[in-house]
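Taking the working numbering, the leading residue of the sequence shown gets 1, the next gets one more, and so forth.
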Amino acid sequence: MRKAADFTCLYMDFDSYFASAEQHLRPELRYRPIGVVPLESRYTCLIAASREAKRFGLKTGTPVLEALEKCPEIKLVPARHEEYVRLHHAIISLVDSIVPVEKVCSIDEIACRLLSNERTRAVEIAEAIKRKLARDIGPTLTCSIGLGPNELLAKVAAEMRKPNGLVALRQNDLPGPLLSLSLTDIPGIGNRNAARLAAAGVATIAQLWDLVPGAMRGIWGGVQGERFWAFLHGYDIQREPTRRCMFGHSRVLAWDWRGPERTEACARLLLVKALRRMRREGFAATTLRLELKPQYGLGWKTEKRRGPFRDDHTALVTLAELFERARAANVPERTKKVSVLLHGLTPADGIHDDLLDNATARRDRRRWERLADLTDALADRYQNPVLTLGPRIVLPGSYAGAKIAFTRIPDLADF
1 MRKAADFTCL YMDFDSYFAS AEQHLRPELR YRPIGVVPLE SRYTCLIAAS
51 REAKRFGLKT GTPVLEALEK CPEIKLVPAR HEEYVRLHHA IISLVDSIVP
101 VEKVCSIDEI ACRLLSNERT RAVEIAEAIK RKLARDIGPT LTCSIGLGPN
151 ELLAKVAAEM RKPNGLVALR QNDLPGPLLS LSLTDIPGIG NRNAARLAAA
201 GVATIAQLWD LVPGAMRGIW GGVQGERFWA FLHGYDIQRE PTRRCMFGHS
251 RVLAWDWRGP ERTEACARLL LVKALRRMRR EGFAATTLRL ELKPQYGLGW
301 KTEKRRGPFR DDHTALVTLA ELFERARAAN VPERTKKVSV LLHGLTPADG
351 IHDDLLDNAT ARRDRRRWER LADLTDALAD RYQNPVLTLG PRIVLPGSYA
401 GAKIAFTRIP DLADF
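Here is the structure:
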């Protein structure tokens, strides 16, 4: 294992992305404190705050009522996820024209691997990206860029001078620029690992830096501790690729959608969206899980395993059975959040007929699968669902699961 060159990674972190995107798309919102919310309600939370709003102490997760109290002039804007995805793709295309994008880490974070002939002019490349973004996209969408020997250190650098910063962490300078940070400023050290470090007598970056790999392994409870030590010390090792293990969607329900009928209707819609994503990526599922978080009390979940399935009909019938279980278990009728998860994935082209099924069951399964494929094809063609099993329902905000998660960017076909 050898240490990497000074700059092998260029990491971009866009500043207040959802809020900046709204200000970019709606010039009348520029230079004003705005908060992006999932739906029009005083009983939800901000999912993004503009830099003007952050000056009032507002941030992601701030309740709307608290935001209005701290900043009465704040403009609350319902999220438009499809617009953020379109803008994201335009940004990726622009960056890729200057330096190849290696990994899209999230909707607002991009990692680029620098080739050997690019590393000596990494700062020039970063400045060129900033200029082209301002010229071709717009000056409102700024990003902070970090340069480092690996992705972790480049990400740390991107966070060190926000907004619109540019920080380069060189091998020979380490650990100097890191010493002013707190432990939780380092990606990979959340509250749990911070508690483990504290129990081991590690409270500062300097103490963390002085640990040996074996000690880090012991604190982390596995080989990930040694990997973290290597990244922190400037080594550039390749991470193992992750494997898809599930598809799912969840929804915090509006106040008037928390009754049993609308909760189940929402779950059906979320499930169909998850199924469409699963089919697009060539999988079938063997397990469907339903999770309900009541308005008051503890959460509840159940699941059912069955032979591999990929069609809407089979999944929706199974979902109805799971809701019957919920009623039999006397789960409170008022539901705050509903989640559906498809897991136990298997490649769809590897499904074989169950020898215990009769000819009618096999024929019906194939018919439902053909109908699901036709439904997908029509939705792709008309950019909107055309066929549905059961009544077509529109949720508040018109979103049914097509939301941007931290590590997942929806396809435009999801909306």
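Glycine included, C-beta positions come from ideal geometry on N, C-alpha and C. Please read these numbers as outputs of a predicted model, since none were measured by experiment.
Around the beta-carbon of P391, fewer than 16 other beta-carbon atoms lie within 10 Å, marking it exposed. Selection L275, V77, L269 and L183 evaluated against E28 yields V77 as nearest (Cα-Cα).
DSSP, read as helix, strand or coil, puts R327 in helix. The C-alpha of N150 lies about 41 Å from the C-alpha of L269. Per DSSP, the continuous alpha helix (DSSP H) segment holding C266 begins and ends at P260 to R280.
In the DSSP assignment, P213 falls within the alpha helix (DSSP H) that extends over P213 to W220.
Put simply, the region 323-333 touches the region 259-267. At least three CB pairs are less than 8 Å apart. Out of T286, L114 and G222, the CA that lies nearest to the CA of V95 is found in L114.
With fewer than 16 neighbouring CB atoms inside 10 Å of its own CB, Q238 falls in the exposed class. The C-alpha of L322 lies about 47 Å from the C-alpha of G214. For L290 against V340, the beta-carbon gap comes to about 6 Å, under 8 Å, which counts as contact. Assigned with DSSP and collapsed to three states, D185 falls in helix.
In the three-state reduction of the DSSP assignment, Y296 falls in the coil class, being assigned neither a helical nor a strand state. Cβ neighbours of T375 within its own chain (closer than 6 Å, five residues either side excluded): L387. Assignment of F228 by DSSP, reduced to helix, strand and coil, places it in the helix class.
When beta bridges are read from the DSSP output, D13 appears opposite E109 and S144. For L288, the secondary structure class from DSSP, reduced to helix, strand or coil, is strand. Here the alpha carbon of G248 sits roughly 43 Å from the alpha carbon of G176. Between the alpha carbons of R161 and H24 lies a distance of about 22 Å.
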